[in-house]
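> Using our numbering, the letters of the sequence shown map in sequence onto residues 334 to 877.
Note that the Cβ used here is the ideal one computed from N, Cα and C, for glycine as well.
None of these values were measured; they are calculated from a predicted model.
Have a look at this one before I ask anything.
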Amino acid sequence: MLVTKPTFRFLFFAITLVLFVCFIVPITASESVTNADEDNDLEGFEELLALDEEEEEQEHKDTQVRSSEAEILSKAQRIVLELNNDNFKRVIDANEFVMLLGYTPWCARSAELMPQFAEAATVLKDVGSSLLMAKLDAERYPKAASKLGIKGFPTLLLFVNGSSHAYTGGNNAEEIVIWARKKTGVPIIRLNSITESEQFLKKHPMFIIGLFEKFEGPDYEEFVKAASEGNEIQFVEACNAEVAKVLFPDIATRNLFLGLVKSEPEKYVQFEDTFKKERILEFLEYNKFPLVTMLTELNSVKVFSSPVKLQVFIFARTDELKNHKELLEDVARKFKSKIMFVYVDITEDNLAKPFLTLFGLEESEGTIVTAFDNKISSKYLLESDLTMSSLEEFCSRLLQGTQPPYFKSEAIPDNKGKTIQTVVGRTFDDIVLSSPQNIFLEVHTPWCIDCEKTSKQIEKLAKHFKGLNSLIFARIDASTNEHPKLQITGYPALLFYLSTDKSNPIKLPAKSSLKDLAAFINNNVRDAGGDGRPSQDQPMKDEL
């Protein structure tokens with residue numbers, strides 16, 4: 334049987350068909366994948382567009398809010414009258430009450446206070462106050478500032494019929510309003526209904542509520558006297574227990590009650606003393622701060638002037654504070670009214686560094702707990718990790734007076750073979766006070782202009798008297814080392830501790846010549862052998 338061979342045309346067709354199939358299948362697959370990728374890309378693009386639209390919408394809202402806030406602030410600042418050299422006397426004399434803000438454009442605290450002052454001006458105008466709010470650029474108008482008694486910045490003064498009175502209130506708008514109203518004839522707000530109490534509660538985060546059967550009598554008079562004092566806390570009164578309970582729910586009596594309300598964890602504090610002005614004001618001073626107060630530029634004066642003189646300062650980053658907040662509040666609650674707890678953001682150099690420098694810890698970044706007893710000017714440091722038990726024990730020792738004060742000290746140096754011994758806080762007792770030798774101590778600081786010259790002189794002096802067994806030359810850097818028995822106010826300082834009387838060092842003039850210092854040593858030092866008696870074979874050095 335014959336098998337015919339495929340013709341050339343058939344072969345050409347077959348090859349072409351195979352090539353076409355091989356080519357078209359990958360393209361189809363590729364198009365399918367590409368279409369899927371394009372769909373995914375389209376979905377991602379739509380999501381991005383949606384996010385962009387959300388961000389644009391949020392930015393628009395934020396812009397509207399900022400614009401609204403700026404408009405309100407601008408309006409408020411227009412209410413505040415600008416004084417100058419020409420009009421200040423006329424304005425002060427023509428108005429019964431004028432509250433004046435003295436400021437300078439470069440003062441950061443002035444910049445913080447200005448919007449609060451402007452907001453207070455708006456509130457006072459809305460309630461119909463006759464108080465005129467004014468401001469004066471003390472840098473631009475120094476003559477007017479001098480005449481009005483503006484010396485620091487910012488300065489707040491109240492003028493009553495031309496007479497100046499210092500401002501003693503707080504630094505936010507509400508506190509300014511409360512203080513101003515008290516001083517211009519409205520020290521107490523009277524609430525007559527539950528609705529009035531509810532409205533009042535919405536506007537005031539802190540106040541003191543007094544419940545009286547009648548608005549008269551000795552107890553009420555003491556309440557009014559306390560309310561009229563220059564503090565930043567709003568006083569409220571009621572003669573209906575139900576009205577008062579809207580503000581202070583746990584009132585158990587119906588005729589005489591006094592309590593402090595705050596927006597802090599310890600929201601309600603009841604007054605349990607006799608109704609005397611001094612007692613009421615003392616109650617407020619000891620209880621007005623929150624359990625843990627955050628230190629700011631504006632409230633720093635109030636914190637430092639608090640009658641609670643034992644203060645614990647916690648330095649930490651804001652995120653670390655959140656982790657410690659519950660712990661700190663629990664401990665603060667146990668020592669309430671006895672110890673003030675203050676938190677300082679360690680990243681705020683202006684607030685934190687002045688304190689941390691006192692401990693030699695200004696470069697620290699972790700959580701640090703310190704304490705100050707402002708009655709005796711002592712400082713303390715919690716040298717263990719911050720825990721509930723360690724902080725409680727630290728505070729208990731502070732109250733009992735058993736916590737040792739903290740004194741700065743560098744690491745103990747190696748003095749082997751040194752002509753002049755380096756003393757640090759930790760070695761002051763051993764080298765200076767407890768040693769049997771006479772001690773010539775140079776006290777210096779890095780920033781002292783004359784210290785370097787004096788140090789070179791003492792080095793020459795030490796070499797001259799080298800080998801004198803009964804005399805040790807030493808120096809201490811007072812900027813990084815402290816000791817309770819070393820109280821120096823000027824640098825450089827030269828102190829001579831006789832071996833027979835270490836408690837009364839002799840202070841030598843820092844500008845003494847080498848000859849005078851050598852003569853002093855020769856007159857006061859006799860070399861001693863190993864048994865402490867004068868040496869026969871080691872005569873004193875001649876004078877320089």
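1) With DSSP collapsed to three states, give me the class of Met539.
2) Look at the alpha carbon of Asn620 and the alpha carbon of Lys600, and state the distance between them as a whole number of angstroms.
3) Let me make sure I understand the geometry here. Which of Glu445, Lys480, Glu429 has the alpha-carbon closest to that of Leu465?
4) Which stretch, first to last residue, makes up the beta strand (DSSP E) that contains Ala467?
5) Buried or exposed, going by whether 16 or more other CB atoms sit within 10 Å of the CB of Pro838?
6) DSSP beta-bridge partners for Asn815?
7) Quick one: what does DSSP say Lys786 is sitting in, helix, strand or coil?
8) Once you ignore the five residues that flank Pro538 on each side, which residues in its own chain have a CB closer than 6 Å to its CB?
9) Figure out for me which residue from Ala441, Gly435, Ser462 has the closest Cα to the Cα of Leu490.
10) Specify whether the stretch 648-656 and the stretch 604-623 touch according to this definition: at least 3 beta carbon pairs, one from each stretch, less than 8 Å apart.
11) What are the start and end residues of the alpha helix (DSSP H) that includes Ala843?
12) Can you list, in chain order, the residues of its chain with a C-beta nearer than 6 Å to that of Asn564? Leave out the 5 residues immediately preceding and following it.
13) Just the C-alpha distance for Phe727 and Ile679, rounded to the nearest angstrom, thanks.
14) Which partner residues does Asn771 have in the DSSP bridge list?
15) Can you tell me which of Pro779, Asp834, Thr752, Ser638 puts its alpha carbon nearest to the alpha carbon of Lys796?
16) What does DSSP give as the partner residue(s) for Thr488 in the beta ladder?
17) Is the beta carbon of Ala577 sitting closer than 8 Å to the one on Leu628?
18) If we require 4 or more residues per run, which alpha helix (DSSP H) segments fall completely within the stretch 584-646?
19) Please state whether the Cβ-Cβ distance between Tyr830 and Val776 is less than 8 Å.
20) Classify Ile709 as buried or exposed, calling it buried when 16 or more other Cβ atoms lie within 10 Å of its own Cβ.
21) If we count the other Cβ atoms within 10 Å of its Cβ and call it buried at 16 or more, is Thr720 buried or exposed?
22) Answer yes if the stretch 450-459 comes into contact with the stretch 506-522, meaning at least three C-beta pairs across the two stretches below 8 Å, and no otherwise.
23) Is the stretch 770-787 touching the stretch 733-740, taking contact as three or more C-beta pairs under 8 Å?
24) Just mark Lys516 as buried or exposed, buried being the case when its beta carbon has 16 or more other beta carbons within 10 Å.
25) Since Phe421 contacts Leu481 with CB under 8 Å, what's their CB separation in whole angstroms?
26) Helix or strand or just coil, what does DSSP make of Asp834?
27) For His498 and Ser443, I'd like the C-alpha separation in whole angstroms.
28) If you compare alpha carbons, which of Glu445, Phe616, Val460 is closest to Phe486?
29) Tell me where the beta strand (DSSP E) around Arg523 begins and ends.
30) Give every residue of the same chain whose Cβ lies closer than 8 Å to the Cβ of Trp780, excluding the five residues on either side of it in the sequence, and list them in chain order.
31) Can at least three beta-carbon pairs, one atom from the stretch 629-639 and one from the stretch 651-668, be found at a separation below 8 Å?
32) First and last residue of the alpha helix (DSSP H) that includes Val510?
So, from the data block:
1) In the displayed model, Met539 falls within coil according to three-state DSSP, outside both helix and strand.
2) Spanning the two alpha carbons is a distance of roughly 10 Å.
3) Among Glu445, Lys480, Glu429, the Cα nearest to that of Leu465 is on Glu429.
4) Run containing Ala467: 465-470, per the beta strand (DSSP E) assignment.
5) Buried, by the Cβ-count rule.
6) The question names Asn, but residue 815 in the sequence shown is Glu. According to DSSP, Glu815 bridges with nothing at all.
7) Looking at Lys786 - three-state DSSP - the assignment turns out to be helix.
8) Once the five neighbours on either side are set aside, the close Cβ partners of Pro538 are Ser596.
9) Considering only alpha carbons, the answer is Gly435.
10) The stretch 648-656 makes no contact with the stretch 604-623; the number of CB pairs closer than 8 Å stays below 3.
11) Ala843: not part of any alpha helix (DSSP H); DSSP gives it neither H nor E.
12) A distance below 6 Å between beta-carbons, with the five flanking residues on each side excluded, links Asn564 to no residue of its chain.
13) Answer to the nearest angstrom: the Cα atoms are 21 Å apart.
14) As computed with DSSP, Asn771 is found in a beta bridge with Leu804.
15) When each option's Cα is compared against that of Lys796, the closest is Thr752.
16) Per DSSP, Gly435.
17) No, they are not a contact pair.
18) Runs found: 610-620, 633-637.
19) Contact: no.
20) By the neighbour-count rule (16 or more Cβ atoms within 10 Å), Ile709 is not buried but exposed.
21) With fewer than 16 Cβ atoms within 10 Å of its Cβ, Thr720 is classed as exposed.
22) The stretch 506-522 makes contact with the stretch 450-459, as at least three CB pairs between them are under 8 Å.
23) The stretch 733-740 and the stretch 770-787 do not touch, with fewer than three beta-carbon pairs separated by less than 8 Å.
24) Classification of Lys516: buried, given that the 10 Å Cβ count is 16 or more.
25) Contact holds; Cβ gap of about 6 Å.
26) Under the three-state reduction of DSSP, Asp834 is assigned to strand.
27) Their Cα atoms are separated by approximately 19 Å.
28) Cα-wise, what sits closest to Phe486 is Glu445.
29) Per DSSP, Arg523 belongs to the beta strand (DSSP E) from 521-523.
30) Ser812.
31) Result no; under three Cβ-Cβ pairs closer than 8 Å.
32) Start and end: 506-516.
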